[in-house]
Every structure is written in structure tokens, then in C-alpha cells.
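Trainee: Right, I'll just put the structure down here and ask away after.
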Amino acid sequence: MTKTINVLFLAAEADPFVKVGGLGDVAGSLPQALRALSNDEIKLDVRLVLPHHPVVKAENLRPLEVFSLPRGDSEVAVEAFETTIHGMPVYFIDGEPIRSNGSVYSLDAKLDAEKYTFFSLAAMELPNRINWQPDVVHANDWHTALSIYGNLTKRWEENARHVAGVVTLHNLPFMGPDINGLLAAYGVKLAQTDLPDWARVMPMPLGLWASDAIVAVSPGYAGEVLTEEFGCGLHDFLQLRKETLSGILNGIDTISFDPTTDTAIGVNYDSSTIEKRAINKKLLQDRLGLALDPNIPLLAIISRMDVQKGVDLAFTALKNMKRINFQAVILGTGDPKLEESARSLQEQFPDKIKAELRFDAKLARQIYAGADMILMPSRYEPCGLAQMIAMRYGCVPVVRAVGGLKDTVKQDETGFVFEKAHHMSLVSAIKTAMKTMANSEKWQLIQRNGMLKDFSWEASARAYLDLYQTLVK
Ligand code: GLC
0 MTKTINVLFL
10 AAEADPFVKV
20 GGLGDVAGSL
30 PQALRALSND
40 EIKLDVRLVL
50 PHHPVVKAEN
60 LRPLEVFSLP
70 RGDSEVAVEA
80 FETTIHGMPV
90 YFIDGEPIRS
100 NGSVYSLDAK
110 LDAEKYTFFS
120 LAAMELPNRI
130 NWQPDVVHAN
140 DWHTALSIYG
150 NLTKRWEENA
160 RHVAGVVTLH
170 NLPFMGPDIN
180 GLLAAYGVKL
190 AQTDLPDWAR
200 VMPMPLGLWA
210 SDAIVAVSPG
220 YAGEVLTEEF
230 GCGLHDFLQL
240 RKETLSGILN
250 GIDTISFDPT
260 TDTAIGVNYD
270 SSTIEKRAIN
280 KKLLQDRLGL
290 ALDPNIPLLA
300 IISRMDVQKG
310 VDLAFTALKN
320 MKRINFQAVI
330 LGTGDPKLEE
340 SARSLQEQFP
350 DKIKAELRFD
360 AKLARQIYAG
370 ADMILMPSRY
380 EPCGLAQMIA
390 MRYGCVPVVR
400 AVGGLKDTVK
410 QDETGFVFEK
420 AHHMSLVSAI
430 KTAMKTMANS
440 EKWQLIQRNG
450 MLKDFSWEAS
460 ARAYLDLYQT
470 LVK
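Here it is as C-alpha cells:
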């Protein structure tokens with residue numbers, strides 16, 4: 000007999016419908032990878048639910064249900080839509096709090112509080128309307144964590160059937176705004192919790208408190224959130240939940256990110272034809288207006304311009320490498336101050352450094368396929384996807400020993416790793432990498448090791464399946 004596990008997977012964003020960052024990649028891939036594990040013994044009926052942000056791109060949306068949530072003395076209407084992607088049902092929740100907030104993540108905390116509280120509560124009501132009950136509710140980050148809390152309070156109130164709650168932590172520092180007033184308005188009671196006082200009115204802590212399992216997006220990050228340095232004030236609480244906390248490394252889309260077939264790059268290659276990358280490097284130098292020299296190390300930064308990513312450290316490092324012969328390309332958008340620093344870096348070193356301050360997926364691929372190294376000096380990094388993509392393309396990562404970077408990059412084997420969040424530590428790691436690069440045999444070995452690593456989603460999906468199984472048995 001086939002056993003079925005129904006999973007309602009909630010996220011603020013999921014590729015290809017809406018994508019802002021790494022969460023969108025994960026929520027776009029993991030549900031499908033889980034469904035693909037279905038076999039004669041077990042069927043994983045994973046379904047995705049997303050807010051119908053005004054920027055969502057979805058084809059063939061069918062109206063599914065209209066209902067309402069009580070809010071204060073009145074009600075808020077909920078409109079649910081449905082589509083399918085590769086056979087997976089995807090639900091979209093719409094309503095005034097979602098329509099009136101144009102961006103996926105607003106700078107106005109109040110708007111986001113309204114939107115995601117509404118979304119989380121409406122998404123939990125949806126199963127009752129469509130006659131499909133989840134065994135597991137799987138939330139991601141603060142935006143949807145409240146669904147786990149709503150789910151639990153419902154369990155108390157109505158003696159409802161057991162539904163397991165899982166929260167995946169992609170970025171702990173973002174815990175969401177104070178939603179005390181909103182919870183009262185929606186009639187959700189605040190429970191007695193063992194959370195710190197400041198945290199008991201915030202979506203992420205409430206979700207963590209109510210969850211049956213907490214998953215960090217790498218084993219390294221799972222360990223770090225238990226410490227004062229990375230625990231954001233919740234480390235003591237998380238210590239108490241240590242038994243339910245685990246780390247499961249994200250995967251990457253190895254079909255899309257494949258240097259043997261990628262149509263965005265000049266020349267395709269694999270681990271036995273790494274020397275062909277030289278052509279891609281030349282094309283990249285040409286496109287960027289850099290000297291067409293195969294021997295100058297070409298360094299890359301492909302990142303959100305954010306202090307989390309330590310791009311400021313990388314800029315200072317580059318500035319300090321005056322006497323070193325190198326080229327660098329910076330690709331990404333974000334914090335205006337950091338964008339400004341990137342621009343001024345290019346002005347100071349016009350022959351060496353190019354700042355491409357935009358979102359450009361095609362150029363990103365050309366950089367992965369042509370640059371020699373990618374720099375990731377993150378202050379914290381729950382998982383990090385760019386280092387895995389880079390390795391797949393033979394672009395050698397130089398990373399700080401933190402979170403998922405530490406789990407995925409090994410010194411002298413697949414890349415270069417440094418400890419301190421200081422620009423001089425990065426400079427010395429870059430220098431070591433450059434020295435190694437001068438020995439082309441050794442360098443190619445490092446490139447090949449990285450290219451042959453398996454970062455596909457399957458292993459991660461299996462780990463999630465194991466977890467689900469322990470929760471529903
Ligand atoms: C967040 C984290 C990043 C992680 C991504 C996907 O963006 O900062 O490290 O890779 O989520 O889990």
C-alpha cells in the first residue's frame with residue numbers, strides 16, 4: 000500500500016512565479032524535488048502556497064475559493080487561485096493586504112506585518128476549503144512562520160487532527176515586526192511561551208516556538224544559531240529546542256546551472272575540458288572592457304549589495320591590492336551606499352574593476368563560466384548558493400568560514416577559506432589563491448574537484464523526507 004504524506008509548503012516567494020533572492024530559488028526547487036521522490040511505497044503530495052503579490056507572474060490562474068477571515072468587528076475577504084507547474088498544485092492567496100503592498104518585501108514594516116499575517120492565517124484556512132488536509136505544514140522564514148503558530152493554536156482550540164509544523168530558517172535576523180495588535184484583531188490568542196519577552200509578539204519566534212521541527216539551511220548554520228554571535232537573542236531558546244533543530248544543506252538547480260549545456264555562455268565545457276574556460280574568460284574581459292590577458296586573475300563578486308554578504312570587506316580588500324595585478328567584476332544590486340562604493344571603486348581603478356550594478360542572470364552565468372575566483376566574505380551565511388553554482392562552473396570560491404560556506408568549500412581542495420570578517424584576511428586568502436593559480440595543474444585540480452561535487456536537490460529532499468516521516472508516524 001502506498002502511504003501518502005500531504006505537505007503544504009508556504010513561502011513569500013518561489014521561482015518562476017516571483018523571485019527576489021535565495022529563498023525564491025529554494026521554494027522553486029525543493030517542493031518539486033520532494034514530489035520527485037515519490038515511489039510505490041510513499042507518495043509525497045507537496046503543494047505550494049504563495050501570496051498573490053502584484054508582481055507575480057503566473058499563467059492559467061483559476062479562481063478556486065472565496066472566503067473571509069474575521070478581523071475586529073468586520074471581515075477581510077480572501078480570494079484563492081490555483082495553477083499547476085509540472086503537475087504540482089500551486090495556490091495563490093489574494094486579498095486587500097496583499098494587493099495594497101506593491102513589493103514582495105516592503106520597507107514599511109507595517110505593510111509587511113499586515114500582508115504576511117493575513118497570508119499565513121488565510122493559507123491555513125485554505126485546506127478546509129478545498130478538502131485536502133496537510134500532514135505537514137512547512138513554513139519558510141518569518142513571513143510564513145506564523146502559519147505554524149496559527150496551526151498550533153487551532154489544535155488546542157478545536158481538538159483538530161495533528162498537523163506537524165516545520166520551519167526552515169533561511170535568515171534568522173529577520174524575525175518580522177511586532178504583530179501583537181494584529182493577532183488580537185484576527186482573534187489569535189497569545190500563548191504562554193518560553194520565548195524572551197521581546198520575541199513573543201514576533202512571527203518568526205512564535206513559529207519556531209510552535210514548530211515540531213526547525214531546519215537551518217546548512218548544518219553549519221544550525222550550529223551557529225545556538226551561539227550568542229549568530230543566535231540573534233534566541234540562542235538560549237534554541238538551545239532548549241536543540242533536539243528538534245537540524246541542518247539540511249540547500250541544493251542548486253543542476254539542470255539549469257550546467258556548463259555543458261548553458262546557452263548563456265560562449266563555450267560549453269565540462270570537467271575534462273576546463274581549458275575551454277579560457278575562451279569564456281576572454282569573452283568576459285571583452286564584454287567588460289578589460290584587458291584581454293589570460294594570465295591576470297579575474298575576481299568576481301556576484302551578490303546582493305548587503306553588509307550580510309560582506310561586500311564592503313571585499314571592496315576594501317580590492318582597494319588594498321594596489322600592487323597586485325588583478326581584474327574584478329562586481330555584479331548585483333542592493334544597499335545604495337554599497338552600490339555607491341562599488342561605483343567609486345570603478346572610478347578609482349577603471350582598468351581593473353568593473354561595477355555592473357543591476358540584476359543580470361545572463362551576465363552572472365558568463366561570469367561563473369569565465370572568472371577565475373568568486374569572493375564571498377559573508378558576515379553570516381545561512382547557506383549561500385553562489386559558491387555552489389561557481390564550483391559547478393569551475394570558478395573557484397574564496398569564502399569566509401561561516402555557515403553554509405564552511406560546509407561546502409574546503410581549503411585547497413575546492414577553494415580557499417579564511418576565518419576573520421576582516422578585509423586583510425580576505426586579501427591574504429586571495430593572495431594564496433593567486434599563488435595556487437600560477438600552478439595550473441594544481442589550480443585545475445581544485446576547479447575539477449568543485450565541478451564534480453554533487454549539489455543537486457535530491458540529497459536535500461531526501462533529508463526533508465526523512466524528517467517528515469519522523470514527524471507524521
Ligand atoms: C537566505 C540566506 C542564504 C541562503 C538563502 C536560501 O537568502 O541569506 O544564505 O542561501 O536564504 O536558503
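Residues in the sequence shown are numbered from 0 upward in steps of one, following this note's numbering. Yeah, the Cβ is synthetic: ideal placement off N, Cα and C, and Gly gets one too.
(1) For Gln326, which option in Leu287, Thr332 and Asp334 has the closest C-alpha, if you only look at C-alpha atoms?
(2) For Val397, would you say it is in contact with chain B, using Cβ-to-Cβ distances shorter than 9 angstroms as the test?
(3) State yes or no: is the C-beta of Asp406 nearer than 8 angstroms to some heavy atom of the ligand GLC?
(4) Who are the Cβ neighbours of Pro204 in its own chain at under 7 angstroms, not counting the five residues just before and after it?
(5) Any idea which residues DSSP pairs Gly164 with across the strands?
(6) Leaving out five residues before and five after Ala122 in sequence, what residues of the same chain have Cβ atoms less than 8 angstroms from its Cβ?
(7) How far does the alpha helix (DSSP H) with Glu95 in it extend, from its first residue to its last?
(8) So what's Lys188 in DSSP terms, helix, strand or just coil?
(9) Is the separation between the beta-carbon of Ala368 and that of Ile264 shorter than 9 angstroms?
(10) Report buried or exposed for Pro50, applying the criterion of at least 16 other Cβ atoms within 10 angstroms of its Cβ.
(11) Taking Arg391 and Pro296 to be in contact with their CB atoms under 8 angstroms, please state how far apart those CB atoms are, rounded to whole angstroms.
(12) Is Leu194 near the ligand GLC, going by C-beta to nearest heavy atom under 8 angstroms?
(13) When you compare the region 403-410 with the region 326-343, are there three or more beta-carbon pairs, one atom per stretch, that lie closer than 8 angstroms?
(14) Checking 9 angstroms against the spacing of the C-beta atoms, do Trp115 and Ala11 come in under that value?
(15) How would you label Ser302, buried or exposed, when you count the other beta carbons within 10 angstroms and need 16 or more for buried?
(16) Taking the continuous alpha helix (DSSP H) assigned at Thr82, which residues delimit it?
(17) Going by beta-carbon coordinates alone, are Pro349 and Leu168 separated by less than 9 angstroms?
(18) Got a list of residues with beta-carbon closer than 7 angstroms to any non-hydrogen atom of the ligand GLC, in chain order?
(19) What does a CB cutoff of less than 6 angstroms around Gly21 pick up in its chain, not counting 5 residues either side in sequence?
(20) Roughly how many whole angstroms lie between the Cα atoms of Leu207 and Ile213?
(21) Can you check whether the CB of Ile366 is closer than 9 angstroms to the CB of Ala486?
(22) In chain order, what residues of the same chain lie with their CB nearer than 7 angstroms to the CB of Asn139, ignoring the 5 residues before and after it?
(23) Per DSSP, which one or two residues make a beta bridge with Gly414?
(24) Would you grab the beta carbon distance between Pro376 and Gly309 for me? Rounded to a whole angstrom, and I think it's under 8 angstroms.
(25) What residue range is occupied by the uninterrupted beta strand (DSSP E) comprising Lys2?
(26) Does the region 50-64 touch the region 119-136, meaning 3 or more C-beta pairs lie closer than 8 angstroms?
(27) In the DSSP output, which residue or residues are listed as bridge partners for Phe256?
(28) Please go through the same chain and pick out, in chain order, the residues whose beta-carbon is closer than 7 angstroms to the beta-carbon of Glu74, but skip the five residues on each side of it.
(29) Smallest Cα separation from Gln191: which of Met436, Leu239, Phe16 and Thr152?
(30) Measure the Cβ-Cβ separation of Phe454 and Thr253 and say whether it is below 9 angstroms.
(31) Measuring CB to CB, does Glu412 end up less than 9 angstroms from Arg399?
(32) Using the Cα positions of Ala341 and Ala354, report the straight-line distance between them to the nearest angstrom.
(33) Indicate whether Met201 and Pro176 have their beta-carbon atoms separated by less than 9 angstroms.
(34) List the DSSP bridge partners of Glu355.
Mentor: So, from the listed chains and residues:
(1) Closest in C-alpha terms to Gln326, from the list Leu287, Thr332 and Asp334, comes Leu287.
(2) The chain inventory of the structure shown lacks chain B, comprising one protein chain alone.
(3) No, Cβ of Asp406 sits at least 8 angstroms from all heavy atoms of the ligand GLC.
(4) These residues qualify, in order along the chain: Met174, Leu194, Ala198 and Leu233.
(5) Beta-bridge pairing links Gly164 to Val136.
(6) Annotation for Ala122: Leu7, Leu9, Val48, Tyr90, Ile92, Thr143 and Ser146 place their beta carbon closer than 8 angstroms to its own, counting only its chain and skipping 5 residues before and after.
(7) DSSP places Glu95 inside the alpha helix (DSSP H), whose first and last residues are Glu95 to Arg98.
(8) In the structure shown, the three-state DSSP call for Lys188 is coil.
(9) The Cβ-Cβ distance between Ala368 and Ile264 falls below 9 angstroms.
(10) Burial check for Pro50: the Cβ neighbour count within 10 Å reaches 16 or more, so the residue is buried.
(11) Actually they are not in contact, since the Cβ atoms of Arg391 and Pro296 sit about 20 angstroms apart, beyond 8 angstroms.
(12) Incorrect: Leu194 has no Cβ contact closer than 8 angstroms to the ligand GLC.
(13) Taking a cut-off of 8 angstroms for Cβ pairs, the region 403-410 and the region 326-343 do not touch, as fewer than three such pairs fall below it.
(14) According to the sequence shown, residue 115 is Tyr rather than Trp. Yes. Within cutoff.
(15) With at least 16 other beta carbons inside 10 angstroms of its own, Ser302 counts as buried.
(16) Looking at the DSSP string, Thr82 is not in any alpha helix (DSSP H); the run it does join, the beta strand (DSSP E), is Ser73 to Ile84.
(17) No; because the gap between Cβ atoms is not below 9 angstroms, this pair is not in contact.
(18) Ordered along the chain, the selected set is Gly20, Gly21, Leu22, Asp24, Val25, His169, Asn170, Val216, Asn249, Gln307, Glu380, Pro381, Cys382, Gly383, Leu384, Gly402 and Gly403.
(19) Contacts found: Leu384.
(20) About 7 angstroms.
(21) As displayed, the chain neither begins before 0 nor continues past 472, which places residue 486 out of reach and without an answer.
(22) Excluding residues within five positions, the ones whose Cβ falls inside 7 angstroms are Leu9, Ala10, Leu22, Ala26, Thr167 and His169.
(23) Beta-bridge annotation (DSSP): Gly414 is paired with Gln410.
(24) The pair is a contact, with the Cβ atoms about 4 angstroms apart (cut-off 8 angstroms).
(25) Lys2 to Leu9 is the span of the beta strand (DSSP E), which, as asked, contains Lys2.
(26) Taking a cut-off of 8 angstroms on C-beta distances, the region 119-136 touches the region 50-64, as three or more cross pairs fall below it.
(27) Bridge partners of Phe256: none, in fact.
(28) Here the set comprises Ser67 and Leu68.
(29) Checked all of Met436, Leu239, Phe16 and Thr152; the closest Cα to Gln191 is Thr152.
(30) For Phe454 and Thr253, yes; Cβs fall inside 9 angstroms.
(31) Here Glu412 is not near Arg399, since their CB atoms are 9 angstroms or more apart.
(32) Answer to the nearest angstrom: the Cα atoms are 6 angstroms apart.
(33) In this structure, the beta-carbon distance from Met201 to Pro176 falls below 9 angstroms.
(34) Residue pairing of Glu355 in beta bridges, as defined by DSSP: Leu330.
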